[in-house]
Amino acid sequence: MGLFSSILKLSRRRSPWVYVLNAGSCNGCDIEIGSLLSPRYDMEQIGALRQGSPKHADILLITGPLTLRSADAVRSIYAQIPEPKAVVAVGSCPATGNVFAGSPTVEDGVLHVVPVDVFVPGCPPRPQAILAGVQEAAHLLAEGKTGRWHKEKHHE
Amino acid sequence: MSNGLIQGLAAYFLWPGLLAGALLGWLYLWLSRALIARMQRRFGPPFYQPFFDFVKLLGKRSMVPAGTAPLLYYGLPLAAVISITLALAVMPLPGGLNASFTGDLILVLYLMEMPAFCDILAGFASRSIYGQVGSSREAALILGYSLPFIAAVSALAIQADSFRMVDVLALPFGPVHVLAAAAFILAVPARLKSNPFSIPNAEQEIVAGPHVEYNGPALALFELAHGLEFVAVGALFSVLFIPRLPSAGLNLVLYLAAGLLLVLITSVLAAATARLQIHRAFRFYWTWGALAALGCVVLAALL
Amino acid sequence: MNETLRIQIEQIAGAAWEQRSEHELWLQAPAVDVRAAAQALLAAEARLSTMTALALPNGETEVIYHWICGKQGLHIKTCTQGNHLPTITPITAAANWIEREIMDLYAVVFDGHPDPKPLLRPSKLTAGYYREPGGAAGKAARGEMV
Amino acid sequence: MPFRIPIGPYHPALEEPYKLSIQSRGEIVEDVTIEVGFVHRGIELLAQRRNYIQDLVLVERVCGICSNIHTLTFCMAAEEIAGMQVPDRARFIRTIMAELERLHSHLLWAGIGSEDIGFQTMFMEIYALREQVMDVLEAISGNRVNYAMNCIGGVNRDITDPEGVLRAVRSIREGIQKTVIPIFTQNRTILGRTRGVGILTRDEAVTYGVVGPIARASGLAIDVRQDFPYAAYEDLGFQIVTQDSCDVTARVVVRALEMLESCRLIEKALLELPGGPIRPSELVTVVPPGETMMRVEAPRGEVVYYLKSDGSDTPARVKIRTPSDLNLPAIRAMARGQALGDMAIIQASVDPCCSCTDR
Chain A
1 MGLFSSILKL SRRRSPWVYV LNAGSCNGCD IEIGSLLSPR YDMEQIGALR QGSPKHADIL
61 LITGPLTLRS ADAVRSIYAQ IPEPKAVVAV GSCPATGNVF AGSPTVEDGV LHVVPVDVFV
121 PGCPPRPQAI LAGVQEAAHL LAEGKTGRWH KEKHHE
Chain B
157 MSNGLIQGLA AYFLWPGLLA GALLGWLYLW LSRALIARMQ RRFGPPFYQP FFDFVKLLGK
217 RSMVPAGTAP LLYYGLPLAA VISITLALAV MPLPGGLNAS FTGDLILVLY LMEMPAFCDI
277 LAGFASRSIY GQVGSSREAA LILGYSLPFI AAVSALAIQA DSFRMVDVLA LPFGPVHVLA
337 AAAFILAVPA RLKSNPFSIP NAEQEIVAGP HVEYNGPALA LFELAHGLEF VAVGALFSVL
397 FIPRLPSAGL NLVLYLAAGL LLVLITSVLA AATARLQIHR AFRFYWTWGA LAALGCVVLA
457 ALL
Chain C
460 MNETLRIQIE QIAGAAWEQR SEHELWLQAP AVDVRAAAQA LLAAEARLST MTALALPNGE
520 TEVIYHWICG KQGLHIKTCT QGNHLPTITP ITAAANWIER EIMDLYAVVF DGHPDPKPLL
580 RPSKLTAGYY REPGGAAGKA ARGEMV
Chain D
606 MPFRIPIGPY HPALEEPYKL SIQSRGEIVE DVTIEVGFVH RGIELLAQRR NYIQDLVLVE
666 RVCGICSNIH TLTFCMAAEE IAGMQVPDRA RFIRTIMAEL ERLHSHLLWA GIGSEDIGFQ
726 TMFMEIYALR EQVMDVLEAI SGNRVNYAMN CIGGVNRDIT DPEGVLRAVR SIREGIQKTV
786 IPIFTQNRTI LGRTRGVGIL TRDEAVTYGV VGPIARASGL AIDVRQDFPY AAYEDLGFQI
846 VTQDSCDVTA RVVVRALEML ESCRLIEKAL LELPGGPIRP SELVTVVPPG ETMMRVEAPR
906 GEVVYYLKSD GSDTPARVKI RTPSDLNLPA IRAMARGQAL GDMAIIQASV DPCCSCTDR
């Protein structure tokens, strides 16, 4: 079992399949995630694939400030990803609300809805930064350290 | 007695069955992805990628979708892997079992069709509308590509006057081989659901098609079955169309070369095309596929 | 834009055009029959560009119908009666979403709209959440620094 | 047997969340209903709580794809109320930025369109070309997305190296001529997927009031750059592109040819770039009382801003009407009677932008 678990650890780090969820983004972050597929950034090099179904994914990329109408979808899609899973908040919006903070149609931040493992700040962040965020999340997956914000909140 | 059993188990689990098939399947899957990436001026995934994807999926906690019987959910991908491995094990490959019997060719054809049937059932069992549309598309596609595929195999069987693979293998190379090989290759991209026939799993239309509700270990088994299908198609191609040489080593090289050739053809085609609509794919197989089928069967009957 | 159409709309609106720039005509017409105006404009191959709603201090809503006729922009300003206006969606499909949006954001009711479902409004909010005065006066009303 | 297939709000064919409920019989689409509002952030409301400088940052984030157009229209509306003249050099730089943005947006669309018909290699080819446009935008503005170029009365940054930009744009034009145009107008698999698909007749286009490339692909010669010229379009001589076949092919061809026109406009603007200042010497923070309506041609069609000022530093009302607001409902007219497998490319041919529509 020791051998299998160490191979499993390596596999989790080398095979991050992502699902991208636009939770009210202006598209800025989404087109930079789209650029990751292009030959210049080619995220398949690190084994990353963009999946169409959350059931096939390991990492949830969330963009946008979480509009009221998308919050339930975020919860449901997060629940559909099989364990172990990680969440990467791409851009400043999910972290702080960015310029949309204070709007009546926007939630107060993504952490109220799902546990975030990696924040990638920027408006929008550069593709390299997003890729680094995905790699960090894959590393946390391999180490079994995802969902820590959530767990800390529950221990309080 | 037990010697035969050990040989059988070895053929099933080691060579040319599960272990060798899985390793070769991963190699082919990687090669296909890497070739497509290179044609798109990308690097593509590292060599070990399909293996790591498989292990990672095995290590995920699976969620059986509500309304699907767990037996069906795990049974279908397992059945796909078991049957395609059996097809590999009974093929007269260099270093294989070579336990030839009458009608083994027909058995292989049925066994190779199993993963597709399991896919279709999985799609319908998933109770997802995407899965159901994917399944009905796959069923329609089978009706299309089976025509040239079965005709290619039958043409050689007619010529050999036998449905034993060793008899077909012993046929002297002739014009029927050329035409039948063409019909066979015509059917390969659709069999492997690669572009332009990636219709049942068209991501932009129906997400992941029949596999949409599958996750974790069950999805890993389906992916493994897909890799094994790649290998089985290559193996059958080498059995049918590559003449055997006296040296076992050379035969082995030829067997691998046949598989690589099919990977190359499907990858180039996949990189150069857009996805067809299902009715166009169907029409393609019922015109060009039918012509090739008719051609090789008539030629085989005449010669 | 032809002269007869201009006069026709003026008659429907009971007001005269005001020229803001070479291409833009504005009309202050609180009592305009928006349906008759829409029919006349559509007959002249004008298209509805959009509608703007503004909350008025008296609780009513100012609605501006922005039309384009060739190279001429036509802006007809009207006012709701008890926050009601007749719909023009059956006359031009382009008004469908625009009217639904104003219903969500400003709680104006477009009488006779064929499909008055919320367009943008999340179910947690009640209609009219944009009815907040803007500008310097709005800041004072919101209790912010002017 | 009729059944309903939902596409979205979160689906791989959709760049953004919105929901198409397709009612279909077998593989034939009978009707669709469209739901939006998933990206509704209340920008108009926020804009009338904040001052003009803050609003520039806010409206830039109406849409990450056509961000520059939104600040441009907002600034032009404020300038019109204030009766300000924009320096010539700023007008030209604004035109160059607007056309570069159109190039990047159309290439983005072409990439997603290729992906939607399963042509991954074409997607890669186009995205590689698009990176060159992003490089130019970054060289001029310092950013890949959200350029922060416009201010009330002019532009924030100068083009310091027009020759370098000119060289880059020429190489992009060659790329478009060599790969994008031949593939989209001659490739058999692409034509097979687009010709005669998703028809929007001229009459339907008028009824739905569609704008931009969708209208021009249905034979309507409407383009703000021609009908209400702004920035430097009158100086540069704009040529409208239209097609009459009303199908997805027409929309593809209109966008492909528009990219060439954009390249031509950028090249001419760079060659004729006038000297002088790029913005007024003092920052404009207050706009005199008044109201106006401003139109600008975004990549997806006409963007309309209504701006009302009460003479303070905060606008009294900002109304934003984006092209997708009118184009999205027209998907319904295009979808009826089409094959289910074509729905992805039909909806993509509209180039729907939900962050614009919902705001």
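Protein chains in written order, with our numbering: chain A, 1 to 156; chain B, 157 to 459; chain C, 460 to 605; chain D, 606 to 964.
Virtual Cβ for every residue (Gly too), placed ideally from N, Cα, C.
This one's a predicted model, so the numbers in the text were calculated from it and none came from an experiment.
Out of curiosity, what's the CA-to-CA distance linking residue 924 of chain D and residue 746 of chain D? Residue mapping note: residue 924 of chain D aligns to position 319 of the fourth sequence, counting from 1. Residue mapping note: residue 746 of chain D aligns to position 141 of the fourth sequence, counting from 1. Straight-line Cα distance between these residues: approximately 27 angstroms.
How would you call residue 209 of chain B, buried or exposed, if buried means at least 16 neighbouring beta carbons within 10 angstroms? In the second sequence, residue 209 of chain B corresponds to position 53, counting from 1. Under this definition residue 209 of chain B is a buried residue.
Quick one, are the C-beta atoms of residue 38 of chain A and residue 91 of chain A less than 8 angstroms apart? If you number the first sequence from 1, residue 38 of chain A lands on position 38. If you number the first sequence from 1, residue 91 of chain A lands on position 91. Not in contact: residue 38 of chain A and residue 91 of chain A (Cβ atoms no closer than 8 angstroms).
Could you tell me the distance, in whole angstroms, from the CA atom of residue 822 of chain D to the CA atom of residue 856 of chain D? As a working mapping, residue 822 of chain D is identified with position 217 in the fourth sequence. As a working mapping, residue 856 of chain D is identified with position 251 in the fourth sequence. The alpha-carbon atoms of residue 822 of chain D and residue 856 of chain D are separated by roughly 5 angstroms.
Could you give the residue range of the beta strand (DSSP E) that holds residue 625 of chain D? In the fourth sequence, the residue the question calls residue 625 of chain D occupies position 20. That run of the beta strand (DSSP E) goes 624 to 630.
Less than 7 angstroms between C-beta atoms, sequence neighbours within five positions excluded: which residues of the same chain meet that for residue 749 of chain D? Taking the fourth sequence and counting its residues from 1, the one referred to as residue 749 of chain D is at position 144. Within the same chain, residue 749 of chain D has close Cβ partners 739, 742, 743.
Report the rounded CA-to-CA distance for residue 365 of chain B versus residue 282 of chain B, giving the unit in angstroms. Locating residue 365 of chain B in the second sequence gives position 209, counting from the first residue. Locating residue 282 of chain B in the second sequence gives position 126, counting from the first residue. Each residue's alpha carbon lies about 10 angstroms from the other.
In angstroms, rounded to a whole number, what distance separates the CA positions of residue 290 of chain B and residue 431 of chain B? Translated into the one-based positions of the second sequence, residue 290 of chain B becomes position 134. Translated into the one-based positions of the second sequence, residue 431 of chain B becomes position 275. Going from the Cα of residue 290 of chain B to the Cα of residue 431 of chain B covers about 14 angstroms.
If I'm right that residue 963 of chain D touches residue 579 of chain C with Cβ under 8 angstroms, what's the distance once you round it to whole angstroms? The residue labelled residue 963 of chain D in the question sits at position 358 within the fourth sequence. The residue labelled residue 579 of chain C in the question sits at position 120 within the third sequence. That belief holds up - the Cβ atoms of residue 963 of chain D and residue 579 of chain C are roughly 6 angstroms apart, short of 8 angstroms.
Do three or more CB pairs link the stretch 308 to 325 of chain B to the stretch 268 to 282 of chain B at distances below 8 angstroms? no
Answer yes or no: does any C-beta atom of chain A fall closer than 8 angstroms to that of residue 218 of chain B? Here residue 218 of chain B corresponds to residue number 62 of the second sequence, with the count starting at 1. Interface residue, yes.
By DSSP's criteria, residue 476 of chain C is part of a beta bridge. Which residues make up the other side? Reading the third sequence from its first residue, position 17 is the one you call residue 476 of chain C. For residue 476 of chain C, which the question treats as bridged, DSSP gives the partners C:486.
So, for residue 716 of chain D: in the same chain, excluding its five sequence neighbours on each side, which residues have a beta-carbon less than 7 angstroms away from its beta-carbon? Within the fourth sequence, numbered from 1, the residue matching residue 716 of chain D stands at position 111. These residues qualify, in order along the chain: 728, 731, 732, 735.
How big is the Cα-Cα spacing for residue 816 of chain D and residue 635 of chain D? As a working note, residue 816 of chain D is residue 211 in the fourth sequence. As a working note, residue 635 of chain D is residue 30 in the fourth sequence. So the alpha carbons of these two residues sit roughly 25 angstroms apart.
Closest residue to residue 654 of chain D among A:131, A:3, A:103, A:20 (Cα-Cα distance): In the fourth sequence, counting from the first residue as 1, residue 654 of chain D sits at position 49. With distances taken between Cα atoms, residue 654 of chain D lies closest to A:103.
Beta-carbon separation of residue 679 of chain D and residue 664 of chain D under 8 angstroms? As a first step, residue 679 of chain D is located in the fourth sequence; it is residue number 74 there, counting from the start. As a first step, residue 664 of chain D is located in the fourth sequence; it is residue number 59 there, counting from the start. Yes; because the gap between Cβ atoms is below 8 angstroms, this pair is in contact.
For the beta strand (DSSP E) that contains residue 435 of chain B, what are its first and last residues? The residue you call residue 435 of chain B lines up with position 279 of the second sequence. Premise fails: residue 435 of chain B lies in the alpha helix (DSSP H), 434 to 440, not in any beta strand (DSSP E).
Can the beta-carbon of residue 297 of chain B be found less than 8 angstroms from the beta-carbon of residue 267 of chain B? Here residue 297 of chain B corresponds to residue number 141 of the second sequence, with the count starting at 1. Here residue 267 of chain B corresponds to residue number 111 of the second sequence, with the count starting at 1. Not a contact, by the Cβ cut-off of 8 angstroms.
What does a CB cutoff of less than 7 angstroms around residue 943 of chain D pick up in its chain, not counting 5 residues either side in sequence? Residue numbering aside, residue 943 of chain D sits at position 338 when the fourth sequence is read from its first letter. Only 634, 802, 803, 951 meet the Cβ criterion.
Less than 8 angstroms between CB atoms is the rule here; does residue 105 of chain A satisfy it with respect to chain C? As a first step, residue 105 of chain A must be located in the first sequence, where it is residue number 105. Yes, because at least one Cβ of chain C sits closer than 8 angstroms to the Cβ of residue 105 of chain A.
Nearest residue (CA-CA) to residue 274 of chain B, options B:235, B:286, B:261: Walking along the second sequence from the start, residue 274 of chain B turns up at place 118. With distances taken between Cα atoms, residue 274 of chain B lies closest to B:235.
Where the alpha helix (DSSP H) containing residue 910 of chain D begins and where it ends: As a first step, residue 910 of chain D must be located in the fourth sequence, where it is residue number 305. First-last for residue 910 of chain D: 906 to 914, but that is the beta strand (DSSP E), not the alpha helix (DSSP H).
State buried or exposed for residue 791 of chain D, treating a residue as buried only when at least 16 other CB atoms are found within 10 Å of its CB. Against the fourth sequence, residue 791 of chain D aligns to sequence position 186. Exposed.
Below 8 angstroms on the Cβ atoms is my contact criterion, and I expect residue 674 of chain D with residue 908 of chain D to pass it. Report the Cβ-Cβ distance as a whole number of Å. Taking the fourth sequence and counting its residues from 1, one reaches residue 674 of chain D at position 69. Taking the fourth sequence and counting its residues from 1, one reaches residue 908 of chain D at position 303. 6 angstroms between Cβ atoms; contact.
Using a Cβ-Cβ cut-off of less than 7 angstroms, give me the residues of the stretch 46 to 68 of chain A that come near chain B, in sequence order. 47, 52, 53, 55, 56
Under a three-way DSSP split, which group does residue 921 of chain D fall into? Here residue 921 of chain D corresponds to residue number 316 of the fourth sequence, with the count starting at 1. Strand, per DSSP.
Tell me whether the beta-carbon of residue 88 of chain A lies closer than 8 angstroms to the beta-carbon of residue 113 of chain A. Locating residue 88 of chain A in the first sequence gives position 88, counting from the first residue. Locating residue 113 of chain A in the first sequence gives position 113, counting from the first residue. Not in contact: residue 88 of chain A and residue 113 of chain A (Cβ atoms no closer than 8 angstroms).
From A:47, A:53, A:52, A:28, pick the residue whose C-alpha is nearest to that of residue 207 of chain B; which is it? Locating residue 207 of chain B in the second sequence gives position 51, where the first residue counts as 1. Checked all of A:47, A:53, A:52, A:28; the closest Cα to residue 207 of chain B is A:47.
Exposure of residue 145 of chain A, with buried meaning 16 or more beta-carbon neighbours within 10 Å: Translated into positions along the first sequence, residue 145 of chain A becomes position 145. Exposed is the call here.
Straight-line gap, residue 232 of chain B to residue 277 of chain B (C-alpha atoms, nearest Å): Start at 1 with the first residue of the second sequence, and residue 232 of chain B comes out as number 76. Start at 1 with the first residue of the second sequence, and residue 277 of chain B comes out as number 121. Cα to Cα, the separation comes out at about 8 angstroms.
Check whether the stretch 245 to 258 of chain B touches the stretch 342 to 356 of chain B, taking contact to mean three or more Cβ pairs, one atom from each stretch, closer than 8 angstroms. no
N- and C-terminal bounds of the beta strand (DSSP E) containing residue 845 of chain D: Within the fourth sequence, the letter at position 240 stands for residue 845 of chain D. Neither: residue 845 of chain D is in no beta strand (DSSP E) and is coded neither H nor E.
is_contact[residue 156 of chain A, chain D] using C-beta, thresh 8 angstroms: Mapped onto the first sequence, residue 156 of chain A falls at position 156. Unreliable placement is indicated for residue 156 of chain A, whose pLDDT of 41 sits below 50; the coordinate value is still reported in the next sentence. So no, residue 156 of chain A is outside the interface.
Can you check which of these residues, D:845, D:835, D:840, D:796, is closest to residue 820 of chain D by C-alpha distance? Counted from its first residue, the fourth sequence places residue 820 of chain D at position 215. Answer by Cα proximity: D:845.
Report yes or no: is there a C-beta of chain A within less than 8 angstroms of the C-beta of residue 349 of chain B? Reading the second sequence from its first residue, position 193 is the one you call residue 349 of chain B. No, residue 349 of chain B lies away from the interface with chain A (no Cβ there is under 8 angstroms from its Cβ).
Residue interval of the alpha helix (DSSP H) (run including residue 672 of chain D): Taking the first residue of the fourth sequence as position 1, residue 672 of chain D is located at position 67. Segment 672 to 687, the alpha helix (DSSP H) holding residue 672 of chain D.
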